[in-house]
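Residue numbers (our numbering), protein chains in the order written: chain E, 1 to 249; chain B, 1001 to 1367.
Printed below as a string of structure tokens:
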């Protein structure tokens, strides 16, 4: 299978600071790719570049064979890229129900939506995702009143409501309990059947559980790529990242 | 949770009661002057409605709603002025005084009543669509957009004041006769004029309420909450912002037309900053997140101004200012939050009656 997402020689500099430096990677359809690296390695910036929040200085991003380099956020989202933010971004002044409903974005045209009161297929998808996210008893609660774990779940639910082909998850398990992490692990493995995931994560235990491929970034460049065993054996990776983490722990 | 204030059916009922109450007013008011004044309140309500839609639901604070209102009013005044011009006397007198010999090109469409009425609404709507689209595409938002609306308002005010030969300048336009539709003359002091304003307000409110309950309304509320997040869901935020800003502007333009129909007069004062600020204050005091309460806010403030203002004279502004500060400090969502809290208290205490509706809702969710 060819790569669903292909990043070719991507570079980004803010003023004189080179944040992403000739970075290339390829994500195979139906796999979970974990993006790891020390703080400041450029992981979140890479996600920003893929989704179009930040425009690259040079390089190319292909999604399902189409060039999406520098497209706006709503264009990449419509193309089938869903994103979960590092700091959970839910609509805090709206209810859990409204959050999930607005995320069901099959129809994005404002004029059509003026005359839409019950989007087709919403009910079924809504029930499925609300159950999956374990939020059925919290539907009328304002999202701002949810606990941290619940907020994480709500945002994952929102991304799933979009039915994306590619899910970009920026630190999805931060702040979750052991039980919640276990549940996330099994759901992510399930998701692989219908979607492709890129997960930015620091928790190596979680990465070990879910990753098909691990991509290590360092100083805005690709340091190493391979399965988890190869990565953990890699001396350079131990040097800049894993070793650092062990010392910290 | 379970607050009947949020019950959609009961909300529609509240709107029905509200419109029934203001709809029967002409049956009880014999004084033509008073009826005319009450009809202008319908216009204030329309303006408050437009602000509530744009600011309360769309999160776009517009301090330049006077542009749409004023352009709509000028369009109507031009139409009514041209109705009194004849073949032997084709040019409005003020133009002759300013030694214009031909009717300016942009007055031409207003020679026909139908064309005039269409242009009176279409021009401000088109302006909003273009201005909004330029601003929102460049992601100008929040206080920066508000400042831009204020700047545009001042620009329009200055142009209209300055171009005396074309606009009547500071004197404004004073069409000598009431509006004629076909052979029918709309006497501004009649119940008919009241009904027309009432009907337009009613239609605008129902459509606005439906809008807030549609998928479009859901997306605009999400944008108000976090525009950045909504982009990543696949919605073109600028498109939604432009749409709600334009719809709101169109309602204000219709209000402007009605205004001139009722008072037979327009001047740059309709584009004065203080009027546009007043609209925002009505919505803020009533409750910008509720179309109904924004309209009630307009009634309360303008009613207070008419009746208390006469008694307190300039002290009235101080009272209004003090009241505004109290509301902003203690009721950030306006008087509507009092109603919300009151009904919340009530629904907690009425398990037998309202509880049934709520139970059926929760049962649906459980299924």
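The C-beta atom is built at its ideal place from N, Cα and C for all residues, glycine as well.
Report the neighbours of residue i on chain E: residues whose CB is nearer than 7 Å to its CB, in chain order.
i	result
residue 1239(B)	110
residue 1213(B)	117
For residue i, count neighbouring Cβ atoms within 10 angstroms of its own Cβ and tell me buried if that reaches 16, exposed if not.
i	result
residue 1051(B)	buried
residue 1034(B)	exposed
residue 1244(B)	buried
residue 1185(B)	exposed
residue 1062(B)	buried
residue 1012(B)	exposed
residue 137(E)	exposed
residue 1001(B)	Only weak support is given to the placement of residue 1001(B): the predicted model assigns it a pLDDT of 47, under 50, and the value that follows is read from those uncertain coordinates. So residue 1001(B) counts as exposed.
residue 1224(B)	buried
residue 1353(B)	Only weak support is given to the placement of residue 1353(B): the predicted model assigns it a pLDDT of 49, under 50, and the value that follows is read from those uncertain coordinates. Label assigned to residue 1353(B): exposed.
residue 74(E)	buried
residue 188(E)	buried
residue 1016(B)	exposed
residue 123(E)	exposed
residue 48(E)	buried
residue 171(E)	buried
residue 1101(B)	exposed
residue 109(E)	exposed
With a threshold of 6 Å on Cβ separation, who are the neighbours of residue i within its own chain once the five nearest residues in sequence on each side are excluded?
i	result
residue 1250(B)	1125
residue 69(E)	60 and 61
residue 228(E)	208, 211 and 214
residue 1074(B)	1266
residue 1116(B)	1079 and 1110
For residue i, collect the residues of the same chain with a Cβ closer than 7 Å to its Cβ; drop the 5 residues on either side in sequence, then sort them by chain order.
i	result
residue 259(E)	The question about residue 259(E) has no answer here: the residues shown for chain E are numbered 1 through 249.
residue 45(E)	12, 19, 20 and 54
residue 99(E)	90, 91, 143, 154 and 158
residue 1065(B)	1047, 1050, 1051, 1252, 1276 and 1279
residue 1221(B)	1057
residue 1119(B)	1075, 1109 and 1110
residue 1283(B)	1048, 1051, 1052, 1055, 1056, 1294 and 1297
residue 1141(B)	1227
Shorter than 8 Å from the beta carbon of residue i to some beta carbon of chain E?
i	result
residue 1221(B)	yes
residue 1184(B)	no
residue 1232(B)	yes
residue 1235(B)	yes
residue 1057(B)	no
residue 1276(B)	no
residue 1243(B)	yes
residue 1218(B)	yes
residue 1349(B)	no
residue 1329(B)	no
residue 1229(B)	yes
Would you say residue i faces chain B, with C-beta separation under 8 Å as the test?
i	result
residue 48(E)	no
residue 83(E)	yes
residue 113(E)	yes
residue 73(E)	yes
residue 102(E)	yes
residue 89(E)	yes
residue 147(E)	no
residue 120(E)	no
residue 18(E)	no
residue 124(E)	no
residue 105(E)	yes
residue 152(E)	no
residue 5(E)	no
Identify the contact partners of residue i in chain B, using a Cβ-Cβ distance below 8 Å as the criterion.
i	result
residue 92(E)	1225 and 1226
residue 51(E)	1232
residue 98(E)	1218, 1221 and 1222
Go through its chain and collect everything with a Cβ distance to residue i's Cβ below 8 Å, but skip five positions before and after it.
i	result
residue 66(E)	79
residue 1127(B)	1067, 1068, 1071 and 1249
residue 1154(B)	1273
residue 1262(B)	1036, 1039, 1040, 1043, 1188, 1193 and 1197
residue 129(E)	100, 157, 160 and 161
residue 95(E)	139, 140, 141, 142 and 143
residue 8(E)	24, 59, 60, 61 and 62
Residues of chain D with a CB under 8 Å from the CB of residue i: which are they?
i	result
residue 78(E)	Within the model displayed, chain D is absent; protein chains E and B are what it includes.
So which residues on chain B does residue i lean against when the C-beta distance must stay under 9 Å?
i	result
residue 86(E)	Those within 9 Å of residue 86(E) in chain B number zero; the least Cβ separation is about 13 Å.
residue 8(E)	The premise fails here: residue 8(E) is roughly 23 Å from chain B at the closest Cβ pair, so nothing lies under 9 Å.
Quick one: which chain B residues come within Cβ less than 7 Å of residue i?
i	result
residue 162(E)	1233 and 1234
### Segments of 3+ residues assigned as beta strand (DSSP E) that fall wholly inside the segment 59-105 of chain E
Correct list: 81-84.
#### Entry: Complete runs of the beta strand (DSSP E) confined to the segment 1019-1063 of chain B [at least 3 residues]
With a minimum length of 3 residues, no continuous beta strand (DSSP E) run stays inside the segment 1019-1063 of chain B.
### Query
Taking the runs of the alpha helix (DSSP H) that are 4 residues or longer, which of them lie wholly in the segment 1070-1124 of chain B?
Unbroken alpha helix (DSSP H) runs of no fewer than 4 residues, entirely contained in the segment 1070-1124 of chain B, are found at 1093-1097, following chain order.
### Runs of beta strand (DSSP E) lying entirely within the segment 1226-1267 of chain B, each at least 3 residues, in chain order
Counting only unbroken stretches of 3 or more residues, no beta strand (DSSP E) element lies wholly within the segment 1226-1267 of chain B.
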